[in-house]
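Have a look at the structure below before the remarks.
Given below as structure tokens:
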């Protein structure tokens, strides 16, 4: 039995950091790699009466690209990526998406169902 | 009630036997030379009708990655529907997409259709075993002398295998490439198809997931300008595998690229017509390069050895998860089957145009 793993999305700040993920030799799904355009509000420093500096939206926005790839990773692998500066969004335990054992059938039953 | 589960390994073998027994005039079992690592017999199917002698072949394979359960069922269903429709001289309807009887007759009468529904039976058996692991990806090679089991069969093909791009030499990795290109018996069977039936000119490897239609190359960006900048040229060793840079781009002839894009778009449109899911047609490399994959290997063959015919191959990444509930799996099966019919018709059309072009050249 495998140790439990998790479906994740790994987010990298740049194309080169995404490609550097290859060196970890992990179970990352090559076809899911994508770049997303992100629009973010630009915050400006505002000095308030008490001379305390706060940040408020300036009404301007900035664009940045976010690179991501999905995968199936163990907790140890997730920890390693996070320590190395990647953002890892954990979606679900592996077996939550499993229908391998509970839904397996033989051909005659399958065919009968198909013909109904 | 429609079936509510994925076919077992024996279920897929039974399905193949049933097809051959029921549609014996057009369907035959193709014995393959290699049993799986655990000794399971692996068989293919050939579907062909009519009398035509000079036929091109299409090879469709699935089940290379064990956990991607949907795709062997898909090829079984596709074969069943095709045989039923051909024999009844009827059309095929997939959701909102219909192919008339003449299209089905054309497909079966003009092409040799080869199918390998389950390339990796050991992996699937382990996935479906209560004490197995449902998300197992590789085959079940015990890898003697190494700490972990299994080879990623879709990193074991002979395409830049030594480069290590997008692969691992570590047996514990899910992308372990094996001890050598074609070290795994399951993959030798794919090569056997291509060697034994040289009329095969078209190929699709069905995987999951992401709703994509992928075409070569997978190691780096494509370019159509410099034929010398190619996977065989050692001058570029060490420079491949970084899409987005200008150091290396893999050569693909413009006419092939045009074919891949136009055929991929036809397949995409056929899939979308079924229930509105629009797959994306793109080069396999995307943002994350790999080597040792099937669609690249089959396409390399005529570059490596000009005596071999050109085989143009796609990977289709079906659906949005490895093992969707079977009710959803049936919808994916239906939509991708429309894409496969369209793919076969596109291949048949290409053959027809090539023959017509050849005849016109001869006449000139």
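Chains as they are written, first to last, in the numbering used here: chain A, 456 to 571; chain B, 2 to 365.
From the three backbone atoms N, C-alpha and C, an ideal C-beta is built for every residue, glycine too.
To the nearest angstrom, how far is the alpha carbon of residue i from that of residue j?
{"i": "residue 267 of chain B", "j": "residue 273 of chain B", "result": "10 Å"}
{"i": "residue 541 of chain A", "j": "residue 319 of chain B", "result": "28 Å"}
{"i": "residue 456 of chain A", "j": "residue 165 of chain B", "result": "Only weak support is given to the placement of residue 456 of chain A: the predicted model assigns it a pLDDT of 49, under 50, and the value that follows is read from those uncertain coordinates. The alpha-carbon atoms of residue 456 of chain A and residue 165 of chain B are separated by roughly 28 Å."}
{"i": "residue 208 of chain B", "j": "residue 60 of chain B", "result": "14 Å"}
{"i": "residue 43 of chain B", "j": "residue 519 of chain A", "result": "49 Å"}
{"i": "residue 271 of chain B", "j": "residue 150 of chain B", "result": "39 Å"}
{"i": "residue 88 of chain B", "j": "residue 24 of chain B", "result": "8 Å"}
{"i": "residue 330 of chain B", "j": "residue 75 of chain B", "result": "9 Å"}
{"i": "residue 7 of chain B", "j": "residue 561 of chain A", "result": "8 Å"}
{"i": "residue 339 of chain B", "j": "residue 467 of chain A", "result": "36 Å"}
{"i": "residue 183 of chain B", "j": "residue 145 of chain B", "result": "17 Å"}
{"i": "residue 4 of chain B", "j": "residue 559 of chain A", "result": "10 Å"}
{"i": "residue 162 of chain B", "j": "residue 119 of chain B", "result": "23 Å"}
{"i": "residue 84 of chain B", "j": "residue 243 of chain B", "result": "45 Å"}
{"i": "residue 354 of chain B", "j": "residue 251 of chain B", "result": "27 Å"}
{"i": "residue 299 of chain B", "j": "residue 512 of chain A", "result": "54 Å"}
{"i": "residue 220 of chain B", "j": "residue 241 of chain B", "result": "7 Å"}
{"i": "residue 127 of chain B", "j": "residue 134 of chain B", "result": "6 Å"}
{"i": "residue 225 of chain B", "j": "residue 178 of chain B", "result": "29 Å"}
{"i": "residue 570 of chain A", "j": "residue 117 of chain B", "result": "23 Å"}
{"i": "residue 10 of chain B", "j": "residue 125 of chain B", "result": "7 Å"}
{"i": "residue 92 of chain B", "j": "residue 222 of chain B", "result": "40 Å"}
{"i": "residue 1 of chain B", "j": "residue 337 of chain B", "result": "As shown, chain B starts at 2 and ends at 365. That puts residue 1 of chain B outside it, with no answer to give."}
{"i": "residue 491 of chain A", "j": "residue 246 of chain B", "result": "19 Å"}
{"i": "residue 521 of chain A", "j": "residue 544 of chain A", "result": "13 Å"}
{"i": "residue 105 of chain B", "j": "residue 39 of chain B", "result": "38 Å"}
{"i": "residue 180 of chain B", "j": "residue 36 of chain B", "result": "18 Å"}
{"i": "residue 132 of chain B", "j": "residue 192 of chain B", "result": "32 Å"}
{"i": "residue 152 of chain B", "j": "residue 186 of chain B", "result": "11 Å"}
{"i": "residue 168 of chain B", "j": "residue 160 of chain B", "result": "12 Å"}
Is it buried or exposed, residue i, if we count other Cβ atoms within 10 angstroms and call 16 or more buried?
{"i": "residue 136 of chain B", "result": "buried"}
{"i": "residue 514 of chain A", "result": "exposed"}
{"i": "residue 14 of chain B", "result": "buried"}
{"i": "residue 50 of chain B", "result": "buried"}
{"i": "residue 317 of chain B", "result": "buried"}
{"i": "residue 510 of chain A", "result": "exposed"}
{"i": "residue 551 of chain A", "result": "exposed"}
{"i": "residue 475 of chain A", "result": "exposed"}
{"i": "residue 21 of chain B", "result": "buried"}
{"i": "residue 554 of chain A", "result": "buried"}
{"i": "residue 324 of chain B", "result": "buried"}
{"i": "residue 157 of chain B", "result": "buried"}
{"i": "residue 190 of chain B", "result": "buried"}
{"i": "residue 17 of chain B", "result": "buried"}
{"i": "residue 229 of chain B", "result": "exposed"}
{"i": "residue 481 of chain A", "result": "buried"}
{"i": "residue 111 of chain B", "result": "buried"}
{"i": "residue 407 of chain A", "result": "Lying before the first or after the last residue shown, residue 407 of chain A is absent from chain A, which here runs from 456 to 571."}
{"i": "residue 236 of chain B", "result": "exposed"}
{"i": "residue 275 of chain B", "result": "buried"}
{"i": "residue 122 of chain B", "result": "buried"}
{"i": "residue 500 of chain A", "result": "exposed"}
{"i": "residue 234 of chain B", "result": "exposed"}
Determine whether the Cβ of residue i lies closer than 8 Å to any Cβ atom of chain D.
{"i": "residue 547 of chain A", "result": "The chain inventory of the structure shown lacks chain D, comprising the protein chains A and B."}
> What are the start and end residues of each continuous alpha helix (DSSP H) run of 4 or more residues lying completely inside the segment 497-553 of chain A, in chain order?
Replying inline: 530-538
> Listed from N- to C-terminal order along the chain, which residues in the segment 125-149 of chain B have their beta-carbon within a distance smaller than 9 Å of any beta-carbon of chain A?
Replying inline: 125, 128, 129, 130, 131, 132, 133, 134, 135, 136, 137 and 138
>> If the cut-off is 7 Å on Cβ atoms, which residues from the segment 147-179 of chain B count as contacting chain A, listed in chain order?
In response: Residues 167, 169, 171, 174, 175 and 176.
> If you pair each beta-carbon of the segment 54-69 of chain B with each one of the segment 136-145 of chain B, do three or more pairs fall below 8 Å?
Replying inline: yes
> Counting only runs that start and end within the segment 221-304 of chain B, where is the alpha helix (DSSP H) found for 4 or more residues in a row?
Replying inline: List check, alpha helix (DSSP H) in window: 255-276.
> Do three or more CB pairs link the segment 481-492 of chain A to the segment 282-292 of chain B at distances below 8 Å?
Replying inline: yes
>> So, does the segment 277-284 of chain B touch the segment 168-180 of chain B, judging by three or more C-beta pairs under 8 Å?
In response: no
> Listed in chain order, which residues of the segment 479-491 of chain A have Cβ atoms closer than 8 Å to some Cβ of chain B?
Replying inline: 480, 481, 482, 483, 484, 485, 486, 487, 488, 489 and 490
>> Output needed in chain order: residues of the segment 12-24 of chain B with a Cβ under 7 Å from some Cβ in chain A.
In response: 12, 15, 16 and 19
>> Which complete beta strand (DSSP E) runs does the segment 92-118 of chain B hold, if anything under 3 residues is left out?
In response: 93-95, 98-100 and 112-117
> Fully enclosed by the segment 13-85 of chain B, which alpha helix (DSSP H) runs are 4 residues long or longer?
Replying inline: none
>> Contact between the segment 252-263 of chain B and the segment 202-218 of chain B is defined here as three or more beta-carbon pairs at a separation below 8 Å; is this criterion met?
In response: yes
> Can we say the segment 331-343 of chain B touches the segment 92-99 of chain B, given the rule of at least three CB pairs closer than 8 Å?
Replying inline: yes
> Got a sec: which bits of the segment 219-251 of chain B sit with their beta carbon under 9 Å from any beta carbon on chain A, in order along the chain?
Replying inline: 219, 242, 243, 244 and 245
> Are the segment 523-543 of chain A and the segment 460-474 of chain A touching, with three or more C-beta to C-beta distances below 8 Å?
Replying inline: yes
> Any residues in the segment 512-538 of chain A with a beta carbon nearer than 7 Å to a beta carbon of chain B? Which ones, in chain order?
Replying inline: Correct list: 522, 524 and 527.
> Taking a cut of 9 Å between CB atoms, which residues from the segment 200-219 of chain B lie near chain A?
Replying inline: Taking 9 Å as the cut-off between beta carbons, the residues of the segment 200-219 of chain B near chain A are 208, 210, 211, 213, 215 and 219, in sequence order.
>> Output needed in chain order: residues of the segment 273-307 of chain B with a Cβ under 7 Å from some Cβ in chain A.
In response: Answer set for the segment 273-307 of chain B: 287, 288, 289 and 291.
>> Please give me, in chain order, every unbroken run of the beta strand (DSSP E) with length at least 3 that falls completely inside the segment 304-344 of chain B.
In response: 313-319
>> If the cut-off is 9 Å on Cβ atoms, which residues from the segment 553-568 of chain A count as contacting chain B, listed in chain order?
In response: 553, 554, 555, 556, 557, 558, 559, 560, 561, 562, 563, 564, 565, 566, 567 and 568
>> Counting only Cβ-Cβ distances shorter than 7 Å, please list the residues of the segment 55-71 of chain B near chain A, keeping chain order.
In response: 70
> Which residues, in chain order, does the segment 22-47 of chain B contribute to contact with chain A at a C-beta distance below 7 Å?
Replying inline: none
>> Ignoring anything shorter than 3 residues, give me the beta strand (DSSP E) runs that lie fully in the segment 150-227 of chain B, in order along the chain.
In response: 201-209 and 213-216
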